[in-house]
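**Q**
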Amino acid sequence: MGGIQQMRDDFSSHNSHVLIKWLGRDRAWEEKVNQRREVMAKVVSIDLGECNDCEGCIEICPEVFRRNESMGYIEVVELDEYPEEEVLEAINICPADCIGWEYI
Ligand code: SF4
166 MGGIQQMRDD
176 FSSHNSHVLI
186 KWLGRDRAWE
196 EKVNQRREVM
206 AKVVSIDLGE
216 CNDCEGCIEI
226 CPEVFRRNES
236 MGYIEVVELD
246 EYPEEEVLEA
256 INICPADCIG
266 WEYI
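Pasting the structure below:
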């Protein structure tokens, strides 16, 4: 075999190796990120610039969200661990899409 078909096969084979190499890097990177996440604290955050003050999060999850009475904005209660399901529900109902997880 030779000619154009050989070149195509070589090119295809070369690209497969490159792709496999990159996928391997992606997996290694993903594992590193996951390992790092395991040692990081997962906390809830609110983008106050986007918050419209509807209090939906407080209704859904009052153990995590509250109004800071002196400053007037919604804040996140400092907890060692956050209830995943309730926070997820608050994230899903937030009309401003301004609640999220942060790794610190
Ligand atoms: S649900 Fe979202 S927009 Fe409404 S108060 Fe909470 S953070 Fe703000």
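Going by the working numbering, the first residue of the sequence shown is number 166, and it counts up by one from there.
Cβ atoms here follow ideal geometry from the backbone N, Cα and C, with glycine treated the same way.
Keep in mind it's a predicted model, so treat the numbers as computed, not measured.
1. Identify every residue that forms a DSSP beta bridge with Trp266.
2. Kindly examine the ligand SF4 and report whether one of its heavy atoms sits closer than 8 angstroms to the Cβ of Asn199.
3. Counting beta carbon pairs with one atom in the segment 190 to 206 and one in the segment 251 to 264, are three or more of them shorter than 8 angstroms?
4. Please classify Cys222 as buried or exposed, where buried requires at least 16 neighbouring CB atoms within 10 angstroms.
5. Smallest Cα separation from Ile239: which of Arg192, Leu213, Glu246, Ala261?
**A** Taking the coordinates as given:
1. Val209
2. no
3. no
4. buried
5. Leu213
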